[in-house]
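**Q**
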Amino acid sequence: NEEVMKLQKDPNNWAMQLGDYSGKRYSTLDQITTQNVKNLKVDWSFSTGVLRGHEGGPLVIGDVMYVHTPFPNIVYALSIKDKGKILWKYEPRQDPNVIPVMCCDTVNRGVTYADGKIFFGQADNTVVALDAKTGKEVWKAQNGDASKGETLTANPIVVKDKLLVGISGGEFGVRGHLTAYNIKDGKQVWRAYSTGPDKDVMIDPQKTTMLGKPIGDRDLGVSTWNGDEWKIGGGTTWGWYTYDPELNLVYYGTGNPGTWNPAQRAKDGKREGSDNKWSMSIFARDADTGAVKWVFQKTPFDEWDYDGVNENILADITVKGKPVKALVNFDRNGFGYTLDRVTGELLVAEKYDPAVNWATHVDMKTGRPAVVDKFSTFANGTDTNSEGICPAALGSKDQQPASFSPDTGMFYVPTNHICMDYEPFEVSYSAGQPYVGATLSMYPAPNSHGGMGNFIAFDATTGKIVWSKPEPFAVWSGALTTKGGVGFYGTLEGFLVAVDLKDGKELYRFKTPSGIIGNINTFVADGKQHIAVLSGIGGWAGIGLAAGLNDPQAGLGAVGAHASLGQYTNLGGVLTVFTLPD
Ligand SMILES: O=C(O)c1cc(C(=O)O)c2c(n1)C(=O)C(=O)c1cc(C(=O)O)[nH]c1-2
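As structure tokens, this is what we get:
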């Protein structure tokens with residue numbers, strides 16, 4: 029989209045949730061430096077009036093800031109020069125019955141701006157376009173059905189004249205898809221499924237490639253499943269979307285394959301032939317037609333709930349002496365993947381979390397992880413209990429987006445450091461009911477720093493961790509890097525933290541009113557660089573506090589891991605804006 033490209037080139041704005049189409053979350057602003065960041069002060073703050081997990085962050089377009097909330101998905105337009113004066117407020121009316129079918133808190137990853145409109149997805153699957161000036165509805169579209177467990181938490185992306193958005197509900201047997209709507213009137217243009225026959229997935233087995241070669245075999249989205257499981261096969265698309273305007277390709281990942289009990293997805297009781305395609309995969313699609321250019325499955329036949337939806341950062345880097353248009357993905361499964369984003373060929377796949385034990389390595393020829401039997405939950409051709417699996421289902425990283433600094437050439441990744449015990453069990457499908465089929469317990473990774481998070485610098489050209497900064501809890505907030513050499517992230521206790529991108533040395537720490545699972549961003553107001561972040565504990569990591577759960581195995585097993593978080597923070601919903609003193 030021409031206007032979006034123009035807006036994202038101007039660092040005074042923060043025009044997209046991930047900063048720009050490439051998903052780098054990098055800003056060329058350099059007023060805030062490693063020398064002066066210690067002087068940061070709160071300029072103003074704003075209460076959103078909602079008390080659950082606040083993901084994503086505010087957009088800044090000129091002198092207006094657009095702020096969203098979790099369910100009920102209120103959107104505010106705030107005047108920046110008036111330090112948050114409300115220009116308009118939009119509050120949708122939604123049936124609260126959607127809340128129990130949201131797997132991982134009532135989160136929303138943010139609004140999208142293009143062509144004078146604000147777009148977002150409501151929890152109840154309504155996609156809305158508002159007039160950015162007035163907050164009046166322009167159109168609405170229905171993207172799914174909450175009575176079947178379908179919900180919407182993702183941040184849509186506008187490419188040219190289309191709004192692209194996915195769907196949530198992998199824990200309810202929802203069949204994932206990516207859908208394109210016309211931004212003028214909300215009419216559906218195409219819908220591409222994650223599972224099923226090639227025509228539904230928009231694969232041409234002669235043309236679509238995998239690891240650089242045509243797929244060849246037909247309808248793998250059906251034949252790699254046990255019977256009809258693909259129809260309730262997950263592969264939901266609730267993560268982030270990035271776009272390369274030169275290649276006209278949009279990139280995103282798909283989530284877990286239906287039930288967490290692998291035995292029900294295995295054909296003839298075997299792992300071989302049961303890849304459950306195309307769950308856990310990165311798709312590169314033509315942005316106009318939806319046709320798949322290439323696809324890469326990271327975790328075939330998932331046995332651990334390692335949803336493959338994390339952001340795909342598009343960066344031009346040099347791998348083994350060769351400049352490549354790369355796509356870098358820090359997967360839930362603990363491996364950092366570097367691919368050629370033109371062809372989908374795999375260049376590097378290395379662990380970015382030292383705790384990872386479920387696989388020894390990724391076979392560079394086949395792209396398949398070498399699974400360690402002891403940590404399989406399907407070891408004997410049947411559902412098998414397994415203990416001490418690292419990472420936990422929360423992943424080495426979950427939805428919290430990483431950042432790439434072209435100045436240092438490094439990726440800065442907010443990570444988790446948590447392991448789990450996994451007990452799969454037989455579950456039957458009933459529309460709108462959980463289709464989980466496993467009980468999980470989670471705890472800090474043993475034999476390490478004792479905490480559950482790390483903020484790391486990672487070299488995606490070699491697959492090596494360059495430095496690592498331990499944190500007591502999972503780092504569930506999106507990172508920001510800046511030309512000033514400063515990196516930012518938030519913590520579950522509620523700290524905004526600034527570090528030196530060179531060595532990870534901490535330069536600043538400020539406690540905001542609630543835990544941070546939002547993403548840090550930066551913009552210019554009144555000629556001065558500002559930093560903004562949403563606080564509001566929740567998300568899967570903070571589900572215990574957000575939903576008031578105490579049983580360690582509640583919240584799909586996540587409550588136990590962060591049981592002591594309540595000693596450090598409390599529910600909230602606050603935007604905090606920082607700048608340097610005059
Ligand atoms: O399978 C799905 O459809 C689905 C949806 C979501 C979501 O929409 O938030 C999450 C997950 N899965 C998931 O596996 C997960 O770890 C997760 C974490 C979070 C979060 O916001 O903290 N959401 C989700």
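The opening residue of the sequence shown carries number 29 in the numbering used here; numbering runs sequentially from there.
Cβ atoms here follow ideal geometry from the backbone N, Cα and C, with glycine treated the same way.
All figures in this text were calculated on a predicted structure; none of them were measured in a lab.
(1) Roughly how far, in whole angstroms, is the beta-carbon of residue 416 from the beta-carbon of residue 444, given that I think they are within contact range, below 8 Å?
(2) Identify the continuous beta strand (DSSP E) that holds residue 15 and give its terminal residues.
(3) As an exercise, report each continuous alpha helix (DSSP H) stretch of at least 4 residues that is fully enclosed by the stretch 303 to 349, in chain order.
(4) Nearer than 8 Å: is that true of the beta carbon of residue 357 relative to any heavy atom of ligand 1?
(5) I want to check one thing, is the minimum distance from the CB of residue 127 to the heavy atoms of ligand 1 below 8 Å?
(6) With a 10 Å radius around its C-beta and 16 neighbouring C-beta atoms as the bar for buried, classify residue 195 as buried or exposed.
(7) Looking only at C-alpha atoms, which of 304, 236 and 486 sits nearest to residue 256?
(8) Please give the ranges of any beta strand (DSSP E) in the stretch 226 to 274, keeping only runs that are unbroken, at least 3 residues long and fully inside the region.
(9) Can you give me the C-alpha to C-alpha distance between residue 473 and residue 118, rounded to a whole angstrom?
(10) What would DSSP say about residue 600, mapped onto helix, strand or coil?
(11) Beta-carbon within less than 6 Å of residue 496's beta-carbon, same chain only, minus the 5 sequence neighbours each way: which residues are those?
(12) So residue 283 packs on residue 264, CB below 8 Å; how close in whole Å?
(13) Compute the beta-carbon to beta-carbon distance between residue 431 and residue 508, rounded to the nearest angstrom, for a pair I have assumed lies under 8 Å.
(14) Answer yes or no: the CB of residue 422 versus the heavy atoms of ligand 1, is any distance below 8 Å?
(15) With respect to 8 Å, is the separation between the Cβ of residue 83 and the closest non-hydrogen atom of ligand 1 below this value?
(16) Using a Cβ-Cβ cutoff of less than 6 Å, which residues in the same chain neighbour residue 335 once the five nearest sequence positions on both sides are dropped?
(17) Note down, in chain order, each residue of its chain lying with its Cβ closer than 6 Å to the Cβ of residue 596, except the 5 sequence neighbours on either side.
(18) Return yes when the Cβ of residue 152 is within less than 9 Å of the Cβ of residue 186, no when it is not.
(19) Thinking residue 83 and residue 545 are a contact (beta carbons under 8 Å), I'd like their distance in whole angstroms, please.
(20) Alpha carbon to alpha carbon, how far is residue 325 from residue 216?
(21) Within the continuous alpha helix (DSSP H) that includes residue 7, where are the two ends?
(22) Using three-state DSSP, classify residue 557 as helix, strand or coil.
(23) In three-state terms, what does DSSP make of residue 595?
(24) Excluding the 5 residues flanking residue 254 on each side, which residues of the same chain have their C-beta closer than 7 Å to its C-beta?
(25) Assign residue 114 to buried or exposed, taking buried as 16 or more other Cβ atoms, counted over all protein chains shown, within 10 Å of its Cβ.
(26) With hydrogens ignored, establish whether the beta-carbon of residue 427 is closer than 8 Å to any heavy atom of ligand 1.
(27) Run the CB neighbour count on residue 408, radius 10 Å, all protein chains shown included, and call it buried at 16 or more, exposed below.
(28) Residue 369 and residue 275 - do their beta-carbons sit closer together than 9 Å?
(29) For residue 384, collect the residues of the same chain with a Cβ closer than 7 Å to its Cβ; drop the 5 residues on either side in sequence, then sort them by chain order.
(30) When every heavy atom of ligand 1 is checked, does at least one fall within less than 8 Å of the C-beta of residue 567?
(31) Measuring alpha carbon to alpha carbon, tell me which residue in 168, 140, 90 and 93 is nearest residue 120.
(32) According to DSSP, is residue 293 part of a helix, a strand, or is it coil?
(33) Out of 313, 259 and 411, point me to the one whose CA is closest to residue 223's CA.
(34) Drop a sphere of 10 angstroms on the beta-carbon of residue 175, count the other beta-carbons inside from all chains shown, and report buried for 16 or more, exposed for fewer.
(35) Near residue 322, which residues of its chain fall below 6 Å by C-beta distance, leaving aside the five closest residues on each side in sequence?
(36) Do you know how far the Cα of residue 67 is from the Cα of residue 133?
**A** Let me lay it out:
(1) By a beta-carbon distance limit of 8 Å, residue 416 does not contact residue 444. Their separation comes to about 16 Å.
(2) For residue 15 there is no data in the structure shown, the boundaries of the chain being 29 and 610.
(3) Every candidate alpha helix (DSSP H) stretch fails here, since none sits fully inside the stretch 303 to 349 while reaching 4 residues.
(4) No, the Cβ of residue 357 stays beyond 8 Å of every heavy atom of ligand 1.
(5) Incorrect: residue 127 has no Cβ contact closer than 8 Å to ligand 1.
(6) In the assembly as shown, residue 195 is a buried residue. Its beta-carbon has 16 or more other beta-carbons within 10 Å.
(7) For residue 256, the nearest C-alpha among the options comes from 304.
(8) For secondary structure counted as the beta strand (DSSP E) over 3 or more consecutive residues, the stretch 226 to 274 holds these complete runs in sequence order: 270 to 272.
(9) One C-alpha to the other measures close to 43 Å.
(10) DSSP places residue 600 in the coil class of the three-state scheme, outside both helix and strand.
(11) If we look at residue 496 and ignore the five residues flanking it on each side, its Cβ neighbours are 482 and 484.
(12) Confirmed, Cβ separation roughly 4 Å.
(13) Between residue 508 and residue 431 the Cβ distance is about 6 Å, and since that is below 8 Å, they are a contact.
(14) For ligand 1, a non-hydrogen atom lies closer than 8 Å to the CB of residue 422.
(15) True, at least one ligand heavy atom lies under 8 Å from that Cβ.
(16) Hits under 6 Å: 283, 284 and 360.
(17) So the list reads 521, once near-sequence residues are dropped.
(18) No.
(19) About 5 Å separates the two Cβ atoms, so the contact holds.
(20) Looking at the two C-alpha atoms, the distance is approximately 27 Å.
(21) Because the chain spans 29 through 610 in this model, residue 7 falls outside it and cannot be assessed.
(22) Of the three classes helix, strand and coil, the one that applies to residue 557 here is strand, per DSSP.
(23) Of the three classes helix, strand and coil, the one that applies to residue 595 here is helix, per DSSP.
(24) Sequence-distant partners of residue 254 (beyond 5 residues in either direction) whose C-beta falls short of 7 Å from its own C-beta, in its chain, are 292, 293, 294, 295 and 302.
(25) Of the other Cβ atoms in all chains shown, fewer than 16 fall within 10 Å of the Cβ of residue 114; this residue is therefore exposed.
(26) Placement of the Cβ of residue 427 at a distance of less than 8 Å from at least one heavy atom of ligand 1 is found.
(27) Exposed: under 16 other Cβ atoms inside 10 Å.
(28) For the pair residue 275 and residue 369, the CB atoms are nearer than the 9 Å cut-off.
(29) Within its own chain, the residues whose Cβ lies closer than 7 Å to the Cβ of residue 384, once the five positions on either side in sequence are excluded, are 362, 418, 419 and 424, listed in chain order.
(30) Yes; taking the cut-off as 8 Å, the Cβ of residue 567 has a heavy atom of ligand 1 nearer than that.
(31) When each option's Cα is compared against that of residue 120, the closest is 168.
(32) In the three-state reduction of the DSSP assignment, residue 293 falls in the helix class.
(33) Minimum Cα distance to residue 223 is reached at 259.
(34) By the neighbour-count rule (16 or more Cβ atoms within 10 Å), residue 175 is not buried but exposed.
(35) Cβ within range, chain order: 237, 312 and 372.
(36) Rounded to the nearest angstrom, the two C-alpha atoms are 35 Å apart.
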